[in-house]
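Below is one structure, written out as structure tokens; comments come after it.
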Amino acid sequence: MTTLTQSQVAQFRELVIAQHGEVFTTSRQVAELFGKRHKDVLKALRNLECSPDFAGRNFALCHDFSELQNGKPLPYYQMTKDGMIFLVMGFIGPQAAKFKELYILAFNWMAEQIRTTHELAHWQHDFTRREAASVANGSMHGQGLARRRIEKHALSQEQAAIHAKLQLCLNLTGEVAA
């Protein structure tokens, strides 16, 4: 089972800003995380070979004003997750490799969550079918009622186990979820 450690989650949190329901990062945060000079990240952004449509949706040129620079505007970019991934997948070096591995790990973790949810839905469907059959048998005659009494306890325990597993648990501590 793929799990993300707290330090891996913290790395993603350092990179991401959430504001007004939007999630983004900045070229400054990317430079800091990857140990690059900000002007080199700006150059990499200007040299990206993406379509104008993609660039328009995923990159926004912004400016800060610094008293240290005599009020001169300092450019930086805000970028979406897709824009940031497009940018950093072209980076090289140990920090870039570490990030790419972490991104792959997070992707695999999400794929496992989806697969597990699908398996649990199948289990829930199978349980519902067996529970309905048990109820039908129980209502048909006295012998069925006796069988239903026996099955009901086991089925309610199984139902509790299914419901416990269906609760999406974002266990990001590296420990295996119950």
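All residue numbers for the sequence shown refer to UniProt numbering, where the first residue is 1 and numbers rise by one. The beta-carbon is built from N, C-alpha and C at its ideal position, and this holds for glycine as well.
- Secondary structure note for residue 38: it is in no beta strand (DSSP E), and the uninterrupted alpha helix (DSSP H) holding it is 38-46.
- Scanning its chain for C-beta atoms nearer than 7 Å, with the 5 sequence neighbours on each side dropped, one finds around residue 60 the residues 77, 78, in chain order.
- According to the DSSP assignment, residue 68 belongs to no alpha helix (DSSP H), since it is labelled neither H nor E.
- Taking the CA atoms as reference points, residue 62 sits about 6 Å from residue 75.
- For residue 26, the beta-bridge partners assigned by DSSP are 78.
- Between residue 45 and residue 27, the CB-CB gap stays under 8 Å.
- Contact annotation: residue 81 and residue 23 have beta-carbon atoms nearer than 8 Å.
- Within the same chain, Cβ atoms closer than 6 Å to the Cβ of residue 30 are found at 41, the five residues on either side in sequence being excluded.
- Going by DSSP, residue 91 is part of no alpha helix (DSSP H) at all; its letter is neither H nor E.
- Taking a cut-off of 8 Å for Cβ pairs, the region 145-158 and the region 112-121 do not touch, as fewer than three such pairs fall below it.
- Closest option to residue 50, judged by alpha-carbon separation, among 160, 83, 43: 83.
- Cβ contact annotation for residue 25 (same chain, cutoff 7 Å, sequence separation greater than five): 15, 16, 17, 79, 84, in chain order.
- The Cβ atoms of residue 88 and residue 127 lie no closer than 8 Å to each other.
- When DSSP states are grouped into helix, strand and coil, residue 19 belongs to the strand group.
- Close CB contacts of residue 162 within its chain, under the 8 Å cut and outside five residues either way in sequence, are with 120, 123, 124, 127 (chain order).
- With contacts defined by Cβ atoms closer than 8 Å, residue 134 and residue 149 do not form a contacting pair.
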